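**Q** Protein chains in written order, with the working numbering: chain A, 181 to 455; chain B, 2 to 293; chain C, 306 to 524. Think of the CB as a built atom: it goes at the ideal place given N, C-alpha and C, for glycine as much as any other residue. Only a predicted model underlies this, so the values are computations on that prediction, with no experimental measurement involved. Just dropping this structure here.
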Amino acid sequence: MVIAKEAPVKETIVTRDNVIAPVQKNIVYETRGLDLWYGEHHGLKNINLDIYENEVTAIIGPSGCGKSTYLKTLNRMVELVPIVRTSGEILYRERNILSKDYAVEELRTHVGMVFQKPNPFPKSIYDNIAYGPRIHGIKNKKILDEIVEKSLRGAAIWDEVKDRLNQNAYGLSGGQQQRICIARCLAIEPDVILMDEPTSALDPISTLKVEELVQELKEKYSIVIVTHNMQQAARISNRTAFFLNGEVIEYDETDNIFQNPSDQRTEDYISGRFG
Amino acid sequence: MKYIDDTLVMKRMSKRLLYNKIWKFLFFLATTFALITLAVLLYRIVTQGAGYLTADFLTNFASRFPAKAGIKAALIGSLWLMAVVAPVSIILGVGTAIYLEEYAKKNKLNDFIRMNISNLAGVPSIVFGLLGLTIFVRTFGFGKSVLAAGLTMSLLILPVIIVAAQEAIRAVPNEQREASYGMGATKWQTIVRVVLPAAIPGILTGSILALSRAIGETAPLVVIGIPVILQFLPTSVFSEFTALPMQIYDWAKRPQEEFQYVAAAGIIVLMAVLIFMNSIAVFIRNKFQKRY
Amino acid sequence: MSVRERFDLDIQAVQDQLVALCTMSIAALERSFQALLDQDLDVALEIIEDDNDINHLEEEINDRVILLIAKQQPVATDLRRLMVIIKAASDMERVGDYAVNIAKETIRIGREPIIFPMTNFKSMCQKAIEMLQGIVKAFVEENTILAKEVADLDDYVDDLYGATVELLIRAGAEHPDKTKQISHLSFICRYLERSADHATNIAEHLFYLVKGRHYELNT
Chain A
181 MVIAKEAPVK
191 ETIVTRDNVI
201 APVQKNIVYE
211 TRGLDLWYGE
221 HHGLKNINLD
231 IYENEVTAII
241 GPSGCGKSTY
251 LKTLNRMVEL
261 VPIVRTSGEI
271 LYRERNILSK
281 DYAVEELRTH
291 VGMVFQKPNP
301 FPKSIYDNIA
311 YGPRIHGIKN
321 KKILDEIVEK
331 SLRGAAIWDE
341 VKDRLNQNAY
351 GLSGGQQQRI
361 CIARCLAIEP
371 DVILMDEPTS
381 ALDPISTLKV
391 EELVQELKEK
401 YSIVIVTHNM
411 QQAARISNRT
421 AFFLNGEVIE
431 YDETDNIFQN
441 PSDQRTEDYI
451 SGRFG
Chain B
2 MKYIDDTLVM
12 KRMSKRLLYN
22 KIWKFLFFLA
32 TTFALITLAV
42 LLYRIVTQGA
52 GYLTADFLTN
62 FASRFPAKAG
72 IKAALIGSLW
82 LMAVVAPVSI
92 ILGVGTAIYL
102 EEYAKKNKLN
112 DFIRMNISNL
122 AGVPSIVFGL
132 LGLTIFVRTF
142 GFGKSVLAAG
152 LTMSLLILPV
162 IIVAAQEAIR
172 AVPNEQREAS
182 YGMGATKWQT
192 IVRVVLPAAI
202 PGILTGSILA
212 LSRAIGETAP
222 LVVIGIPVIL
232 QFLPTSVFSE
242 FTALPMQIYD
252 WAKRPQEEFQ
262 YVAAAGIIVL
272 MAVLIFMNSI
282 AVFIRNKFQK
292 RY
Chain C
306 MSVRERFDLD
316 IQAVQDQLVA
326 LCTMSIAALE
336 RSFQALLDQD
346 LDVALEIIED
356 DNDINHLEEE
366 INDRVILLIA
376 KQQPVATDLR
386 RLMVIIKAAS
396 DMERVGDYAV
406 NIAKETIRIG
416 REPIIFPMTN
426 FKSMCQKAIE
436 MLQGIVKAFV
446 EENTILAKEV
456 ADLDDYVDDL
466 YGATVELLIR
476 AGAEHPDKTK
486 QISHLSFICR
496 YLERSADHAT
506 NIAEHLFYLV
516 KGRHYELNT
C-alpha cells in the first residue's frame with residue numbers, strides 16, 4: 181500500500197476534540213521520571229504517567245515490556261524481589277511512595293491488588309474477606325459481618341455465596357474465586373485497585389463477569405489493570421498506556437488508542453501485527 | 002520418503018515389549034525383597050517376644066530374672082526424654098526454618114548456613130553423643146539426666162526438623178504471601194496467619210518422624226552413659242533415667258537365652274510406640290492437607 | 306512481514322471487490338448517459354437490468370466486511386479501512402442507481418427529439434466521471450492530495466448544475482408543449498450532480514481512513 185501523502189486541507193476541520201470538552205479529573209498517581217533496574221536489567225525507563233480518579237486505566241504491551249513491573253511498583257510489591265532498584269518518584273495523592281518514610285503497609289491499605297491467578301486463602305469465604313480488616317485490627321464480630329457482606333455485594337458475588345460463607349473458598353469455581361479475591365480487596369476499603377491480568381486464568385463468561393464488575397467498581401475506585409487482552413482494554417478502560425521494552429510508547433484515551441493511535445508501534449501491536 | 006519403516010518396526014516390536022516386561026519384573030523384585038525382609042523380622046520378633054509381653058512386663062522394673070523383668074522405667078524414661086526433645090527441637094527447628102525461608106536475604110553467609118544444616122543431618126549420631134557428653138554432661142554439669150540426653154537428642158534431630166519445616170514453608174505458594182502483603186499485612190502477620198497455618202501439617206509430619214528417630218536412637222545415650230538398670234522413675238528433668246533402646250540393648254547382650262525373648266518383647270513395645278507416632282503423622286497429613 | 310497475513314489478504318480482496326464495483330458503476334453511468342444522447346432505449350433497458358449485478362456486489366462487500374469485523378476484531382487502521390470500504394461501496398452503489406434513474410428517464414423521453422442543447426450535460430457528466438475515476442485512483446493509492454483535488458472539482462459541477470437548471474427553467478417557459486421532456490432532463494441534471502457528490506463523500510472517507518479524523522471537504 182502507498183504511504184499516505186499530506187494534503188493541504190483548509191482548517192474547516194471538525195474533530196472530536198473540538199466537540200467534546202475535556203473533563204478535568206483528579207490525579208491519583210503521578211509518576212515522574214521513574215527508572216527501575218532488576219540487577220543489571222533496565223526494566224522501566226523514564227516513565228511519566230498520570231493515573232486519574234474513578235477511571236479504569238489499562239496497561240497493555242507484549243510480554244516482558246514492564247507493564248506488570250510498573251503495576252507492582254505502584255504498591256511497591258516489586259520490592260519482594262530483592263535485587264530491584266528504583267529512581268524517580270511516584271506521587272500517590274501527592275506523597276512520594278518511593279521515599280523511605282512511606283510505610284508499604286500504609287500504602288497497601290489504600291491500594292488493593294488483585295492477582296493473575298485467583299489466590300484465595302485456604303480458609304472459609306468469610307475468613308478470606310475478613311482477613312484484611314482483621315490485620316488492621318478490627319475484632320468486633322458485628323462490624324466484620326457488615327464488612328464481609330458489603331464487600332461481597334460490592335464484588336457482585338453475595339447472592340452466590342451468602343448461604344455458604346463458612347465453606348472453604350477453594351470449593352468455588354475459578355471465576356468465583358477471582359471475585360472473592362476482588363471482594364477481599366474491597367474489604368480494606370481501598371482508594372485504588374491494581375489488577376494484574378485478573379482474567380487470564382478464567383473462562384470467557386467469568387471474564388465478562390469480572391469485566392462488568394470492573395466497570396461498576398470504577399464509580400467508587402480508581403482502577404489500574406494490566407492485560408494481555410487488547411479487546412478487554414478496549415472494552416473496559418478509559419485510558420490506555422502502551423508499554424514496549426520498559427518505555428511508555430503511547431498514553432491516551434482508549435478511544436483514540438484503538439481508533440487512531442499516533443505511534444506506528446502502538447498500531448502494529450493493537451492490530452496484531454507485531455514483528 | 003518415509004524414515005520410519007513399518008515392517009522393521011513390527012519386527013522389533015515383540016523384543017521391545019519383552020524388555021519392558023523384564024524391567025518391570027526386576028523393579029517388582031526389588032520391592033518384594035524389602036517387604037520380605039521386614040516380614041521375616043517382624044515374625045521372628047513377634048513369635049519370640051509375644052509370650053513375655055504381659056501386663057507385668059509393662060509395669061515391672063528391670064530385674065536379674067527374665068521372668069520378672071519389666072520395661073516400666075525405660076518406657077516412662079523414653080516419654081520423659083520426648084517431653085524434653087519435642088518442644089526444644091520443634092521450637093528451635095521451626096524458628097530457624099522461618100528465619101531462613103522468610104527473613105534471611107539470599108547471600109553467601111545464608112547459603113553457607115543452609116548447606117551446613119543439610120550436612121549436619123548426615124553426621125553420625127555417635128558424634129552428637131560425644132558433643133552432648135562434652136557440653137551438657139560435663140561443661141554444663143547436667144549429669145546423666147533427662148535434660149542432658151534430651152538436649153543431645155534435640156541437636157541430633159534438629160537438622161531434620163529444620164529441613165522438613167523449610168520444605169513445608171517453601172511449599173506454601175508465593176501467591177498466598179502476595180495476597181497478604183497486598184492488603185498491607187506485615188511480614189509477621191503474614192507468617193502467623195498465612196504461612197504457618199498452611200505449613201503446619203508438613204512441619205508436624207516432619208517433626209514426628211524426626212522424633213521417631215530420636216526415640217529409637219541408642220548411640221548418643223550410650224556415649225553419655227545413661228544407666229541401664231534403674232529401680233525408680235525420673236521425678237524431674239535433672240533425674241537419671243533410662244530409655245527403651247538402652248534397655249533392649251542391655252537385654253540383648255545378656256547371656257541367658259530367656260533375656261533374648263525379653264528383648265524381643267521390648268522391641269515390640271518400642272515398635273508399638275513408633276507405629277503410634279507415625280500414624281499420628283499420617284493422620285495429620287491427611288486431615289490438614291491443603292490444596293492450592 | 307505481517308503476523309496477520311491472511312487477514313491482510315482478506316482486506317485486500319474486499320478492497321479489490323470495491324474497485325470492481327466502482328468500475329461497474331462508473332461504466333453504467335457512462336453508458337447510461339451515452340444512451341440518453343443516442344436515445345437508444347435498448348441500451349437503457351440493459352442498464353436497468355445490469356444494475357442487479359452492482360447491487361449484489363455491494364451486498365457481498367457488506368457481508369464480507371461484517372464477517373471480518375466479527376471474526377477478526379479489527380482496530381485502528383484496519384477497522385477504519387473496513388468501515389470506509391462499506392461506506393464507499395454504498396456511495397458507489399448509489400452512483401449505479403443514478404445510472405439506472407438516467408436510463409429510466411431516457412426511456413420516458415423516448416424517441417422524441419431532445420430540444421435542449423446537451424453541451425452542459427456533457428461537461429457535467431464528463432466531470433462527474435472524471436471525479437469518480439479520480440477518487441478510485443486516490444483510494445487505491447491512499448493519496449489524499451488527489452482526493453482533495455477531486456473534491457475541489459465538485460464546486461465546478463455544482464455551478465454547472467445551477468446554471469443548467471436555470472437554462473432548463475427558461476427553456477420550459479419557451480416551449481410550454483415540451484414541459485414533460487424538460488422535467489425529465491432536469492431530473493437527469495440532478496442525478497449527474499449527485500453522482501459527483503458521492504465522489505466527494507468517498508474523498509472524505511479516504512481522509513478519515515488515512516488521518517483517523519473526520520473532515521468536511523464539501524463546503
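1) Answer yes if the segment 69-89 of chain B comes into contact with the segment 177-194 of chain B, meaning at least three C-beta pairs across the two stretches below 8 angstroms, and no otherwise.
2) Sorted by chain position, which residues of the same chain lie with C-beta nearer than 6 angstroms to Gly517(C)'s C-beta, five sequence neighbours on each side aside?
3) Restricting to Cα atoms, I'd like to know which of Glu446(C), Tyr513(C), Ile420(C), Lys432(C) is closest to Thr484(C).
4) Can you find at least 3 beta carbon pairs, one from the segment 177-187 of chain B and one from the segment 138-153 of chain B, that sit closer than 8 angstroms?
5) Out of Ile315(A), Arg364(A), Asp307(A), which one is the CA nearest neighbour of Arg344(A)?
6) Would a C-beta distance cut-off of 8 angstroms place Met316(B) and Leu222(B) closer than the cut-off?
7) Between the segment 230-249 of chain A and the segment 389-403 of chain A, are three or more C-beta pairs nearer than 8 angstroms?
8) Expressed to the nearest angstrom, what Euclidean distance is found between the alpha-carbon atoms of Ala201(A) and Thr420(A)?
9) Below 8 angstroms between beta carbons is the criterion; list the residues of the segment 238-267 of chain A that meet it against any residue of chain B, in chain order.
10) Could you give the C-beta distance for Leu458(C) and Lys442(C), rounded to a whole number, given that I count them as a contact under 8 angstroms?
11) So Asp355(C) packs on Ala333(C), CB below 8 angstroms; how close in whole Å?
12) Could you confirm whether any beta carbon from chain A is found closer than 8 angstroms to the beta carbon of Asp356(C)?
13) Can you list, in chain order, the residues of the segment 405-435 of chain A whose Cβ is nearer than 9 angstroms to any Cβ on chain C?
14) With C-beta atoms as the reference, is Gln344(C) less than 8 angstroms away from Arg399(C)?
15) Indicate whether the contact test is met: 3 or more Cβ pairs, each with one atom in the segment 90-99 of chain B and one in the segment 312-329 of chain C, closer than 8 angstroms.
16) So which residues on chain A does Leu195(B) lean against when the C-beta distance must stay under 8 angstroms?
17) Mind checking who Asn468(A) pairs with in its DSSP beta bridge?
18) I want to see whether chain A comes within less than 8 angstroms of Tyr182(B), judged by CB atoms only; does it?
19) Applying the criterion that 16 or more other CB atoms from any shown protein chain within 10 Å of the CB defines a buried residue, is Leu323(C) buried or exposed?
20) Does the segment 248-265 of chain A come close enough to the segment 204-222 of chain A to have 3 or more Cβ pairs within less than 8 angstroms?
21) Could you check whether the Cβ of Ala332(B) sits closer than 8 angstroms to any Cβ belonging to chain A?
22) Taking the beta strand (DSSP E) that His222(A) belongs to, which residues open and close that run?
23) So, is the C-beta of Glu509(C) closer than 8 angstroms to a C-beta in chain A?
24) Kindly indicate if chain E contains any beta-carbon less than 8 angstroms away from that of Val389(C).
25) Spell out the partners DSSP gives Asn276(A) in its beta bridges.
26) What whole-angstrom Cβ distance do Ala172(B) and Gly203(B) have, given they're in contact under 8 angstroms?
27) Residues of chain B with CB closer than 9 angstroms to the CB of Tyr311(A), please, in chain order.
28) I need the boundaries of the beta strand (DSSP E) containing Ser402(A), first residue and last residue.
29) Going by DSSP, what residue range makes up the beta strand (DSSP E) through Gly292(A)?
30) Locate the beta strand (DSSP E) running through Arg419(A), then write down its first and last residues.
31) Could you tell me which chain A residues have their CB closer than 7 angstroms to the CB of Asp457(C), listed as they occur along the chain?
32) Using a Cβ cut-off of 9 angstroms, pull out every chain B residue sitting near Ile315(A), in sequence order please.
33) Count the other C-beta atoms from every protein chain shown that fall within 10 angstroms of the C-beta of Gln204(A), then say buried if there are 16 or more, exposed otherwise.
34) Can you tell me which of the three DSSP states Arg212(A) falls into?
35) On a Cα-Cα basis, can you pick out the residue from Trp189(B), Ser208(B), Thr135(B), Gly133(B) that is closest to Ala169(B)?
36) Closer than 8 angstroms, CB to CB, is Gln322(C) near chain A or not?
**A** On the basis of the supplied data:
1) no
2) As a position in the third sequence, residue 517(C) is number 212, starting the count at 1. Excluding positions up to five away in sequence, the list is empty.
3) On the third sequence, residue 484(C) is found 179 positions in, with the first residue counted as 1. Nearest option by C-alpha distance: Ile420(C).
4) no
5) By 1-based counting over the first sequence, the position of residue 344(A) is 164. Of the listed residues, the one whose Cα sits closest to Arg344(A) is Asp307(A).
6) Outside the shown range of chain B, which is 2 to 293, sits residue 316(B), and nothing can be said about it.
7) yes
8) Against the first sequence, residue 201(A) aligns to sequence position 21. Against the first sequence, residue 420(A) aligns to sequence position 240. Any reading at Ala201(A) must be qualified, since the residue scores a pLDDT of 49, below 50, and its modelled position is unreliable; the value itself is stated next. Their backbone Cα atoms lie some 19 angstroms apart in a straight line.
9) Asn255, Met257, Leu260, Pro262
10) Working through the third sequence from its first residue, we reach residue 458(C) at position 153. Working through the third sequence from its first residue, we reach residue 442(C) at position 137. Wrong, their Cβ atoms sit about 13 angstroms apart, outside the cutoff.
11) The residue labelled residue 355(C) in the question sits at position 50 within the third sequence. The residue labelled residue 333(C) in the question sits at position 28 within the third sequence. Confirmed, about 7 angstroms.
12) For this step, residue 356(C) is matched to residue 51 along the third sequence. Cβ-Cβ to chain A under 8 angstroms: no for Asp356(C).
13) Met410, Gln411, Ala414
14) Numbered from its first residue, the third sequence carries residue 344(C) at position 39. Numbered from its first residue, the third sequence carries residue 399(C) at position 94. Contact: no.
15) no
16) As a position in the second sequence, residue 195(B) is number 194, starting the count at 1. For clarity, residue 195(B) is Val in the given sequence; the question names Leu instead. Those are Phe301, listed as they occur along chain A.
17) The structure shown does not extend to residue 468(A), since chain A is modelled only from 181 through 455, so no value can be given for it.
18) Translated into positions along the second sequence, residue 182(B) becomes position 181. Answer yes: the Cβ-Cβ gap between Tyr182(B) and chain A drops below 8 angstroms somewhere.
19) Walking along the third sequence from the start, residue 323(C) turns up at place 18. When all chains shown are included, Leu323(C) counts as buried.
20) yes
21) For chain B, the structure presents residues 2 to 293; residue 332(B) sits outside this window and is missing.
22) Locating residue 222(A) in the first sequence gives position 42, counting from the first residue. Residues 221-232.
23) Counting from 1 along the third sequence, the entry for residue 509(C) is found at position 204. Output row for Glu509(C): interface = no.
24) No chain E appears in this structure, whose protein chains are A, B and C.
25) What you label residue 276(A) is simply residue 96 of the first sequence in a count that begins at 1. Per DSSP, Leu271(A).
26) By one-based count along the second sequence, residue 172(B) stands at place 171. By one-based count along the second sequence, residue 203(B) stands at place 202. With 8 angstroms as the limit, Ala172(B) and Gly203(B) qualify as a contact, their Cβ atoms being about 6 angstroms apart.
27) Counted from its first residue, the first sequence places residue 311(A) at position 131. Under the 9 angstroms cutoff, chain B gives Ala180, Ser181, Met184, Ala186, Arg194, Val195.
28) If you number the first sequence from 1, residue 402(A) lands on position 222. That run of the beta strand (DSSP E) goes 402-406.
29) Here residue 292(A) corresponds to residue number 112 of the first sequence, with the count starting at 1. From DSSP, the beta strand (DSSP E) with Gly292(A) extends over 291-294.
30) Position 239 of the first sequence, counted from the start, is the residue given in the question as residue 419(A). Per DSSP, Arg419(A) belongs to the beta strand (DSSP E) from 419-424.
31) Walking along the third sequence from the start, residue 457(C) turns up at place 152. Correct list: empty, because the minimum Cβ distance to chain A is about 10 angstroms.
32) On the first sequence, residue 315(A) is found 135 positions in, with the first residue counted as 1. Within chain B, the residues near Ile315(A) are Ser181, Met184, Gly185, Ala186, Thr187, Gln190, Thr191, Arg194.
33) The residue you call residue 204(A) lines up with position 24 of the first sequence. Classification of Gln204(A): exposed, given that the 10 Å Cβ count is below 16.
34) Here residue 212(A) refers to the residue found at position 32 of the first sequence. If DSSP states are grouped into helix, strand and coil, Arg212(A) belongs with the strands.
35) Here residue 169(B) is taken as the residue at index 168 of the second sequence, counted from 1. For Ala169(B), the nearest C-alpha among the options comes from Ser208(B).
36) Locating residue 322(C) in the third sequence gives position 17, where the first residue counts as 1. No, Gln322(C) does not count as interfacial toward chain A.
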